[in-house]
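S.K.: Residue numbers (UniProt numbering): 1 to 289.
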């Protein structure tokens with residue numbers, strides 16, 4: 001007879017929901033979405049063939065109470081094992097990530113991952129998109145581009161919108177910026193990662209791509225340059241969040257334009273067979289959703 005063992009994430013979700021009696025709090029504790037919590041409980045009940053919770057307040061059924069005791073005993077046994085082996089129980093995960101994505105998006109959330117998976121040691125390595133600067137031997141890679149990657153499996157992590165940003169002092173000195181045409185003659189900071197033609201075309205401007213002025217291969221450096229008044233930068237709103245929040249950069253116009261590129265999580269075939277890689281991928285997707 002074939003015995004189907006429930007996935008560990010379903011058991012962890014069941015224990016947390018039984019303890020917290022709140023889908024929202026359970027989702028926060030496990031760093032997943034509320035819908036993921038509901039899906040895991042439904043999956044567990046389908047595997048077991050019985051209802052575990054009452055309908056209204058997440059009180060346990062009789063079967064749920066009996067199963068909870070078994071689940072907690074099993075989880076406790078699993079937690080004991082690494083303590084006897086200490087170091088061998090830790091898992092290593094190497095992530096290649098673009099610099100500004102790491103600073104603006106990943107690092108503010110990373111403590112949630114380390115709290116949820118303290119047994120995983122994460123190594124961050126920098127890679128530069130559109131150039132030949134890549135991290136060697138990374139297990140997972142965050143790439144920025146069109147998503148046409150034939151050499152790896154991948155999933156879209158985050159799309160974004162672009163808009164011109166400048167320092168408040170620059171806006172006071174060179175403004176007001178009321179129409180797109182007001183950018184004519186202004187110093188436009190350049191990056192191959194975010195061509196100005198995207199914004200020009202969306203505003204029916206037949207201007208050519210700028211060929212003069214300062215150029216950067218890192219969006220964070222371009223934001224820093226704009227923040228000290230060097231010119232106007234075309235930046236993705238999510239990546240620019242730290243500069244926008246501290247007031248060193250401000251949008252020139254209310255309209256934002258979808259970027260033709262996005263951030264993708266990439267991996268080589270077979271990588272997701274390692275549970276630490278699958279766990280990080282699921283956590284990252286859920287934290288950005």
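By construction, the Cβ of each residue, glycine as well, lies at the ideal position given by its N, Cα and C atoms.
Identify whether residue 120 lies in helix, strand or coil by the three-state DSSP scheme.
M.R.: The answer is strand: DSSP assigns residue 120 an E or B state.
S.K.: Kindly indicate which three-state DSSP category residue 174 falls into: helix, strand or coil?
M.R.: If DSSP states are grouped into helix, strand and coil, residue 174 belongs with the helices.
S.K.: How far does the alpha helix (DSSP H) with residue 44 in it reach, from first residue to last?
M.R.: It spans 34-48 - the alpha helix (DSSP H) in which residue 44 sits, taken as one unbroken run.
S.K.: Threshold first: 3 residues or longer. Then list the beta strand (DSSP E) segments lying entirely within the stretch 161-213, N to C.
M.R.: Qualifying beta strand (DSSP E) stretches, in chain order: 161-166.
S.K.: Using 10 angstroms around the beta-carbon of residue 76, count the other beta-carbons present and answer buried if the total reaches 16, otherwise exposed.
M.R.: The residue in question, residue 76, is exposed, as its Cβ has fewer than 16 Cβ neighbours within 10 Å.
S.K.: Around the Cβ of residue 266, are there at least 16 other Cβ atoms within 10 angstroms (buried) or fewer (exposed)?
M.R.: Residue 266 should be labelled buried.
S.K.: Anyone know if the C-beta pair for residue 165 and residue 252 falls short of 8 Å?
M.R.: Yes, the Cβ-Cβ distance between residue 165 and residue 252 is below 8 Å.
S.K.: Are the beta-carbon atoms of residue 207 and residue 227 separated by less than 8 Å?
M.R.: No, they are not a contact pair.
S.K.: Helix, strand or coil: how does DSSP classify residue 280 here?
M.R.: DSSP places residue 280 in helix when its eight states are reduced to three.
S.K.: Under DSSP, the alpha helix (DSSP H) around residue 14 begins and ends at which residues?
M.R.: Unbroken alpha helix (DSSP H) run through residue 14: 8-20.
S.K.: Quick check: what's the CA-CA separation for residue 205 versus residue 28?
M.R.: In a straight line, the C-alpha of residue 205 is about 45 Å away from that of residue 28.
S.K.: In three-state DSSP terms, what is residue 31?
M.R.: If DSSP states are grouped into helix, strand and coil, residue 31 belongs with coil.
S.K.: Just to confirm my understanding: we take residue 183, look at its own chain, exclude 5 residues before and 5 after, and list those with CB closer than 8 Å. What are they?
M.R.: Answer for residue 183: 164, 177, 232 and 252, listed in chain order.
S.K.: How many angstroms separate the CA atom of residue 224 from the CA atom of residue 190?
M.R.: When rounded, the distance between both Cα atoms is 13 Å.
S.K.: Indicate whether the contact test is met: 3 or more Cβ pairs, each with one atom in the stretch 56-63 and one in the stretch 98-106, closer than 8 Å.
M.R.: Output reads no: the stretch 98-106 does not touch the stretch 56-63.
S.K.: Just reading off the alpha helix (DSSP H) that residue 222 is part of, what are its end residues?
M.R.: 219-227 is the extent of the alpha helix (DSSP H) around residue 222.
S.K.: Could you give the C-beta distance for residue 236 and residue 162, rounded to a whole number, given that I count them as a contact under 8 Å?
M.R.: Contact holds; Cβ gap of about 5 Å.
S.K.: Please classify residue 105: does DSSP put it in a helix, a strand, or coil?
M.R.: In this structure, residue 105 counts as helix in the three-state DSSP scheme.
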